[in-house]
Amino acid sequence: MQAHIVSTPLKKIVIFGVGLIGGSFALALKKQHAVTLVVGVDRHQASLQRALELGIIDVASSDIESALQDADLVLIAAPVAQTGAILRAIYPYLQPQTIVTDAGSTKADVVAAARAALAEKISQFVPAHPIAGRELNGPDAAVADLFRGKKLVITALAENSAPAINEVAQAWQRCGAQPHHLTPEQHDHVFAAVSHLPHLLAYALVDQITGQPQAELRFQYAASGFRDFTRIAGSSAEMWRDISLANRTALMAELAHYQAQLQRVFAALQQNDGAELLAMFSNAQAARTRWIDSIEAAEAPSREGGD
């Protein structure tokens, strides 16, 4: 479902978490003249001050009641483990016209937290996940074109109205994103395989090498292959800890599949079975080429990024 982009700018948005995702969202809307006032809320005062200096936000606030007054849209761009606490904090001051969305990389846990925190106001919460990122963090990492050509997954609730869903879709479209729709459960199973597992593996590999003898010597000779494979291990450790725990059931299932694949590789090496290795590598190479041709080319991917 593609929503028509309205020309009327949002009068006021509130962003909880003014780092990479929240900051890029604000910069993109400002670049498109799609928002009049951006209010930032963050647990780190230094981040708020930096976001002000960079022009990401117009107002830094520690008063949630005043921050939410007359807001059109609230974006929660904090680590997923904080979502419930943020929603509980905004619940008393959430006015009927305000739509709340998030940018979390897991959805079933976020939806459960939202139902518990927002109760009868749950229809005002539209869960979403922009599939874009960088391995850099904080306000200084924010860029206006981060979401251009990227997917935005909306996992709408049965209680959401069409206008509420459209408002979220339109805001992200103004940032250059392309709205797609999944259920929360579909989202978490898909991203356990194609996002959460790769991040876990990148972190695990680097951590493994640091604990081995002559680790510095190994790092000294690591080159482009190692850099490409482990690039996403430069992402926020706190954020990916939260994501891994929030989606642990689906992630453990994918990890079990991967462990079985590693056993297949180990057996092929042990048996000096070049035919098995070639079949596996050729299948992977062909599948990746098809993916690049059909997906990556259409999205004009950046050389940077996590999600």
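Position 208 (the sequence shown) corresponds to 238 in the working numbering; numbering is contiguous.
Even glycine gets a Cβ: it sits at the ideal position worked out from N, Cα and C.
Since the structure is predicted, the reported quantities are computational estimates derived from the model, not experimental observations.
Helix, strand or coil for ILE129? Go by DSSP, reduced to three states. Here residue 129 refers to the residue found at position 99 when the sequence shown is read from its first residue. Residue state, collapsed to three classes: strand.
Three CB pairs or more closer than 8 angstroms across the segment 260–275 and the segment 230–241: yes
Any contact of the segment 190–210 with the segment 57–66, i.e. 3+ C-beta pairs under 8 angstroms? yes
Pull the bridge partners of ILE45 from the DSSP assignment, please. The count along the sequence shown starts at 1 and reaches residue 45 at position 15. ILE45 pairs with GLY70 and LEU105.
Determine the extent of the beta strand (DSSP E) in which LEU212 is found, giving its start and end residues. For the purposes of this step, residue 212 is identified with residue 182 of the sequence shown, where counting begins at 1. Counting along the chain, LEU212 falls outside any beta strand (DSSP E), and DSSP gives it neither H nor E.
Comparing the C-beta of LEU176 with each C-beta of chain B, is any distance below 9 angstroms? This model lacks chain B altogether; it includes just one protein chain.
Go to HIS63, then tell me how far its beta strand (DSSP E) extends in each direction, as first and last residue. As a first step, residue 63 must be located in the sequence shown, where it is residue number 33. First-last for HIS63: undefined, no H or E at that position.
Beta-carbon gap between LEU103 and LEU40 smaller than 9 angstroms: Start at 1 with the first residue of the sequence shown, and residue 103 comes out as number 73. Start at 1 with the first residue of the sequence shown, and residue 40 comes out as number 10. In contact: LEU103 and LEU40 (Cβ atoms closer than 9 angstroms).
Simplified DSSP assignment, three categories, for SER324: For the purposes of this step, residue 324 is taken as the residue at position 294 of the sequence shown. Residue state, collapsed to three classes: helix.
Since ILE94 and ALA119 are thought to touch, with beta carbons under 8 angstroms apart, how far apart are those beta carbons, to the nearest angstrom? Translated into positions along the sequence shown, residue 94 becomes position 64. Translated into positions along the sequence shown, residue 119 becomes position 89. The pair is a contact, with the Cβ atoms about 5 angstroms apart (cut-off 8 angstroms).
Span of the alpha helix (DSSP H), counted from its first residue to its last, around LEU247: One-based indexing of the sequence shown puts residue 247 at position 217. Looking at the DSSP string, the run of the alpha helix (DSSP H) that includes LEU247 is 245–251.
Under the three-state DSSP convention, the category PHE177 falls into: Here residue 177 refers to the residue found at position 147 of the sequence shown. Coil.
Which one of SER225, ALA101 and LEU281 has the shortest CA to CA distance from VAL65? Residue mapping note: residue 65 aligns to position 35 of the sequence shown, counting from 1. Among SER225, ALA101 and LEU281, the Cα nearest to that of VAL65 belongs to ALA101.
So for GLN120, helix, strand or coil by DSSP? For the purposes of this step, residue 120 is taken as the residue at position 90 of the sequence shown. Residue identity check: residue 120 is Ile in the sequence provided, not Gln. ILE120 falls in the helix class under three-state DSSP.
When burial is assigned at 16 or more other CB atoms within 10 Å of the CB, is VAL224 buried or exposed? Along the sequence shown, one-based indexing puts residue 224 at 194. Exposed, by the Cβ-count rule.
Between which two residues does the alpha helix (DSSP H) holding ALA338 run? Because the chain here runs from 31 to 337, residue 338 falls outside it and cannot be looked at.
Report yes if the CB atom of GLY53 is closer than 9 angstroms to the CB atom of ALA172, and no otherwise. Mapped onto the sequence shown, residue 53 falls at position 23. Mapped onto the sequence shown, residue 172 falls at position 142. Taking 9 angstroms as the Cβ cut-off, GLY53 and ALA172 qualify as a contacting pair.
Same chain only: Cβ atoms within 6 angstroms of PRO214, ignoring 5 sequence neighbours per side: If you number the sequence shown from 1, residue 214 lands on position 184. The answer, listed in chain order, is LYS137, ALA138, VAL141 and THR185.
Cβ shell of ARG257 (< 7 angstroms), same chain only, five flanking positions each side left out: Position 227 of the sequence shown holds residue 257. Once the five neighbours on either side are set aside, ARG257 has no close Cβ partner at all.
Provide the residue(s) that pair with PRO160 in DSSP beta bridges, ordered along the chain. Residue numbering aside, residue 160 sits at position 130 when the sequence shown is read from its first letter. Answer by DSSP bridge pairing, in chain order: LEU182.
Whole-angstrom distance between PHE249 and ASP237, CA atom to CA atom: In the sequence shown, counting from the first residue as 1, residue 237 sits at position 207. In the sequence shown, counting from the first residue as 1, residue 249 sits at position 219. Distance between the alpha carbons of ASP237 and PHE249: 12 angstroms.
Can you give the Cα-Cα distance for ALA317 and TYR121, rounded to whole angstroms? Position 287 of the sequence shown, counted from the start, is the residue given in the question as residue 317. Position 91 of the sequence shown, counted from the start, is the residue given in the question as residue 121. Near 46 angstroms, if we compare the C-alpha coordinates of TYR121 and ALA317.
How far does the alpha helix (DSSP H) with SER77 in it extend, from its first residue to its last? Looking up residue 77 in the sequence shown gives position 47. Start and end: 75–83.
Supposed contact pair LEU182 and ALA158 - C-beta distance, whole angstroms, cut 8 angstroms: Numbered from its first residue, the sequence shown carries residue 158 at position 128. Numbered from its first residue, the sequence shown carries residue 182 at position 152. The Cβ separation is near 6 angstroms, so the contact holds.
Decide if TRP321 is buried, meaning its Cβ has at least 16 other Cβ atoms within 10 Å, or exposed. Taking the sequence shown and counting its residues from 1, one reaches residue 321 at position 291. Label assigned to TRP321: exposed.
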